[in-house]
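Undergrad: Those protein sequence lines, which keep their order, are chains A and B. The first sequence runs contiguously to residue 511 in the working numbering. The second sequence runs contiguously to residue 511 in the working numbering. Each residue gets a CB set at the ideal place from its N, CA and C atoms; glycine is no exception.
Protein chains: 2
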Amino acid sequence: MAENTTSGESLLFLTDEQLRKGIEAMFFAYRGFTADPDRILDGMDYGRAHHRAVHFINRSPGATVGHLLTILGVTKQSLNRVLRSLFNDGLVEARVGKTDKRERRLHLTEKGAALERALSDAQRARMRAAYRAAGPQAVQGFRTVLEAMMDQDQRKQYQGLKDKHP
Amino acid sequence: MAENTTSGESLLFLTDEQLRKGIEAMFFAYRGFTADPDRILDGMDYGRAHHRAVHFINRSPGATVGHLLTILGVTKQSLNRVLRSLFNDGLVEARVGKTDKRERRLHLTEKGAALERALSDAQRARMRAAYRAAGPQAVQGFRTVLEAMMDQDQRKQYQGLKDKHP
DNA sequence: CTTGGAATGTCAACATAGCTGACGTAAATT
DNA sequence: AATTTACGTCAGCTATGTTGACATTCCAAG
Numbered sequence: 346m347a348e349n350t351t352s353g354e355s356l357l358f359l360t361d362e363q364l365r366k367g368i369e370a371m372f373f374a375y376r377g378f379t380a381d382p383d384r385i386l387d388g389m390d391y392g393r394a395h396h397r398a399v400h401f402i403n404r405s406p407g408a409t410v411g412h413l414l415t416i417l418g419v420t421k422q423s424l425n426r427v428l429r430s431l432f433n434d435g436l437v438e439a440r441v442g443k444t445d446k447r448e449r450r451l452h453l454t455e456k457g458a459a460l461e462r463a464l465s466d467a468q469r470a471r472m473r474a475a476y477r478a479a480g481p482q483a484v485q486g487f488r489t490v491l492e493a494m495m496d497q498d499q500r501k502q503y504q505g506l507k508d509k510h511p
Numbered sequence: 346m347a348e349n350t351t352s353g354e355s356l357l358f359l360t361d362e363q364l365r366k367g368i369e370a371m372f373f374a375y376r377g378f379t380a381d382p383d384r385i386l387d388g389m390d391y392g393r394a395h396h397r398a399v400h401f402i403n404r405s406p407g408a409t410v411g412h413l414l415t416i417l418g419v420t421k422q423s424l425n426r427v428l429r430s431l432f433n434d435g436l437v438e439a440r441v442g443k444t445d446k447r448e449r450r451l452h453l454t455e456k457g458a459a460l461e462r463a464l465s466d467a468q469r470a471r472m473r474a475a476y477r478a479a480g481p482q483a484v485q486g487f488r489t490v491l492e493a494m495m496d497q498d499q500r501k502q503y504q505g506l507k508d509k510h511p
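What follows is the structure, encoded as structure tokens:
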């Protein structure tokens with residue numbers, strides 16, 4: 346074995362050059378990742394922020410505004426602008442909380458669900474193609490590295506994302 | 346084998362739920378990915394756009410403005426605003442092209458290189474930690490999936506990024 | 001040699017999506 | 001009754017993107 350090893354394992358994947366390539370891969374891949382939904386949203390009065398809101402409302406129906414705020418990591422003023430337009434256009438509706446009437450539980454309307462479907466179909470199609478081309482083994486690694494790249498809090502939110510929420 | 350298979354290979358990794366988790370992983374991971382440089386830039390008069398410019402100028406010293414434009418995928422007006430401030434602050438300098446005098450070949454100054462180092466050190470540190478935690482096998486998969494997720498053009502740019510350019 | 005087009009800069013105007021700060025209201029909690 | 005929480009909103013600012021129009025310089029081809 347001519348390679349530089351530590352405890353039997355090559356560390357060549359930790360060179361600055363390799364890390365740099367990883368950084369650039371993230372940059373270019375993220376562009377691809379958002380390209381298709383962006384194309385759909387372009388022309389409508391919506392943008393990436395609306396996409397994210399609709400995505401997570403669909404993902405956690407009945408989520409409160411506060412919950413959405415922590416997931417998206419933006420200010421309430423910023424989110425509110427987005428939600429307002431989604432309300433006005435009838436894509437999202439808010440139901441007053443049962444136990445706590447201050448809360449507004451968010452739900453997609455049929456129209457909102459349709460947009461969400463269009464957006465996520467496009468995004469999933471790309472993801473599916475990439476997954477299929479790369480194979481299950483690679484996908485496993487992909488997910489592992491991404492998870493390791495998150496902040497603590499983000500990782501928790503990510504992992505706890507199946508629960509319909511608090 | 347109790348799993349659903351096609352040509353001997355489980356396709357469970359292509360379910361909508363798996364794809365959705367992949368999408369969300371990209372979302373949260375990208376936040377982590379940019380968090381550290383953003384923290385450094387915050388307070389200076391610079392933002393993510395400056396980071397990207399400095400990164401790619403460092404990566405391909407002598408690159409022309411046009412080259413940078415195609416890599417970054419923004420308009421010249423947008424890039425110009427960024428470059429102007431980098432010039433004014435003495436982080437980047439432009440040398441007139443030897444053969445084609447219309448071109449401006451971009452280079453980092455010592456000061457610019459210092460900022461680039463600070464930013465990329467931070468970003469690489471996170472990447473390194475993630476890589477180390479995930480292991481070489483996972484990193485391989487990570488890169489494979491990301492590459493498959495890019496657009497054609499982006500992939501070419503990504504792959505050809507070692508060349509010091511035309 | 002002239003001319004067309006390429007590489008670049010720049011002015012102006014605008015949109016999106018983030019931010020801070022301040023204030024208001026209703027409902028829950030103490 | 002007083003305080004805190006959840007949410008909304010007004011106002012203003014910043015960063016980064018966009019179009020469109022126009023000028024300069026210079027290479028390259030007719």
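(1) Assuming Ile416(A) and Leu451(A) make a contact with CB atoms under 8 Å, what is their CB distance in whole Å?
(2) Should Gln363(B) go down as buried or exposed, given a rule of 16 or more other Cβ atoms within 10 Å for buried?
(3) Determine whether the Cβ of His510(A) lies closer than 7 Å to any Cβ atom of chain B.
(4) Is it right to say Glu455(A) is buried, meaning 16 or more other beta carbons lie within 10 angstroms of its own, or is it exposed?
(5) Hey, quick one: how far does the beta strand (DSSP E) through Glu438(B) stretch, first residue to last?
(6) Is His400(A) a contact residue of the ligand ZN, with contact defined as CB to any heavy atom under 6 Å?
(7) Are any of the Cβ atoms in chain A nearer than 7 Å to that of Phe378(B)?
(8) For Leu506(B), report the span of its alpha helix (DSSP H) as first-last.
(9) Inspect the beta-carbon positions of Leu491(A) and Ala374(B) and report whether they are closer than 7 Å.
(10) Along chain B, which residues have their Cβ under 9 Å away from the Cβ of Ala459(A)?
(11) Give the straight-line distance between the Cα atoms of Leu414(B) and Ala380(B), rounded to the nearest whole angstrom.
(12) Looking at Met371(A) and Phe487(B), is the spacing between their C-beta atoms short of 7 Å?
(13) Let me confirm a value: Arg393(B) is counted as buried when at least 16 other C-beta atoms fall within 10 Å, else exposed. Which label applies?
(14) When the Cα atoms are used, what is the spatial distance from Tyr476(B) to Ser465(B)?
(15) List, in chain order, every chain B residue whose beta-carbon is nearer than 9 Å to that of Tyr391(A).
(16) Put Asp496(B) into one of helix, strand or coil per three-state DSSP.
(17) Nearest to Ala408(A) by alpha carbon, out of Leu428(A), Asp390(A) and Tyr391(A)?
TA: Looking at the atomic coordinates:
(1) To locate residue 416(A), count along the first sequence from 1; it is residue 71. To locate residue 451(A), count along the first sequence from 1; it is residue 106. For a cut-off of 8 Å, the C-beta gap from Ile416(A) to Leu451(A) is around 12 Å, too long to register as a contact.
(2) Here the question's residue 363(B) lines up with position 18 in the second sequence. Only buried fits Gln363(B), as 16 or more other CB atoms lie within 10 angstroms of its CB.
(3) Position 165 of the first sequence, counted from the first residue, corresponds to residue 510(A). Because His510(A) sits at a pLDDT of 42, beneath the cut-off of 50, its placement in the model cannot be relied upon, and the following sentence gives the value as read from the coordinates. Judged by the 7 Å Cβ criterion, His510(A) is not in contact with chain B.
(4) On the first sequence, residue 455(A) is found 110 positions in, with the first residue counted as 1. It is exposed - the Cβ of Glu455(A) has fewer than 16 other Cβ atoms within 10 Å.
(5) Working through the second sequence from its first residue, we reach residue 438(B) at position 93. Note, Glu438(B): beta strand (DSSP E), Val437 to Val441.
(6) As far as ligands go, the structure on display features none, and thus does not contain the ligand ZN.
(7) Along the second sequence, one-based indexing puts residue 378(B) at 33. Output row for Phe378(B): interface = yes.
(8) For this step, residue 506(B) is matched to residue 161 along the second sequence. It is not in any alpha helix (DSSP H) - Leu506(B) carries neither H nor E in the DSSP assignment.
(9) Counting from one through the first sequence, the residue named residue 491(A) turns up at place 146. Counting from one through the second sequence, the residue named residue 374(B) turns up at place 29. Remark: C-beta atoms of Leu491(A) and Ala374(B) approach each other more closely than 7 Å.
(10) One-based indexing of the first sequence puts residue 459(A) at position 114. Residues of chain B passing the Cβ test: none, with the nearest at roughly 16 Å.
(11) Here residue 414(B) refers to the residue found at position 69 of the second sequence. Here residue 380(B) refers to the residue found at position 35 of the second sequence. If you take the alpha carbons of Leu414(B) and Ala380(B), they lie about 24 Å apart.
(12) As a first step, residue 487(B) must be located in the second sequence, where it is residue number 142. As a first step, residue 371(A) must be located in the first sequence, where it is residue number 26. Using a Cβ distance threshold of 7 Å, Phe487(B) and Met371(A) do not count as a contacting pair.
(13) For the purposes of this step, residue 393(B) is identified with residue 48 of the second sequence, where counting begins at 1. Flag for Arg393(B) reads exposed.
(14) Position 131 of the second sequence, counted from the start, is the residue given in the question as residue 476(B). Position 120 of the second sequence, counted from the start, is the residue given in the question as residue 465(B). C-alpha separation (whole angstroms): 16 Å.
(15) By one-based count along the first sequence, residue 391(A) stands at place 46. The contacting residues do not exist; Tyr391(A) stays about 17 Å from chain B at best.
(16) Residue 496(B) sits at position 151 when you count from the first residue of the second sequence. Coil at Asp496(B), not helix or strand.
(17) Your numbering for residue 408(A) matches position 63 in the first sequence. Distance check between Ala408(A) and each of Leu428(A), Asp390(A) and Tyr391(A) places Leu428(A) closest, using alpha-carbon atoms only.
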